[in-house]
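**Q** One structure, as structure tokens, below. Some questions next.
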């Protein structure tokens, strides 16, 4: 007499549950916010770095000093602080150091913002986690570098060029001049960038596993 094999319900259910594909989120909320915040702070960093309104002389409309640009008012307009002699013509060695540090910090922030956008578009996995970790380390370094550049900048207030426009100016004292919106924007951007590495830690997508199906033994 032939014996007919009887399928076991529990084994079939277990195989069916194991063959179900894992669902993956397309974009986590923290990851999208992190990428958008990184791009926004990069734009703020670039605007502050190129702004001529870091130090504003009194009684001069549209005049001011920046890291790379200097404005002398409506008749003469704005021109590069480096002048025809290049980078060495920036009026203070402290401003040269600040320009190098701020440029390096902005470059790191730009590269980390690109990595953040790529990480958001990638599916969840080890590659995405590595990109988020690398971008977080780069953003931490960018914060320290840009903060150092902002701390060095006021040391240039005692240069001869600044004292010609701002009387009684000295290190960390602007004299008759005022701190412009460009320098303040850079400070706010660095303060907000402190939070980027924390968002990078929680940016990777979570693997959402399906609800386990109980097997009938």
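Residue numbers (UniProt numbering): 1 to 217.
All residues carry an ideal CB built from backbone N, CA and C; glycine is no exception.
#1: Does the region 161-181 come within contact of the region 127-146, defined as at least 3 CB pairs closer than 8 angstroms?
#2: Below 7 angstroms CB to CB, which residues in the same chain sit around residue 46 once its five sequence neighbours on both sides are set aside?
#3: Per DSSP, residue 173 forms a beta bridge with which residues?
#4: Residue 31: buried (16+ other C-beta within 10 angstroms of its C-beta) or exposed?
#5: Excluding the 5 residues flanking residue 117 on each side, which residues of the same chain have their C-beta closer than 7 angstroms to its C-beta?
#6: Spatial neighbours of residue 192 within its chain, please: C-beta separation below 7 angstroms, excluding the five flanking residues on both sides.
#7: Taking the alpha-carbon positions, what's the residue 185 to residue 127 distance?
#8: Rounded to whole angstroms, what's the CA-CA distance from residue 176 to residue 100? Just pull it up for me.
#9: To the nearest angstrom, how far is the alpha carbon of residue 67 from that of residue 182?
**A** This is what the structure holds:
#1: no
#2: 106
#3: 170
#4: buried
#5: 35
#6: 41
#7: 34 angstroms
#8: 27 angstroms
#9: 10 angstroms
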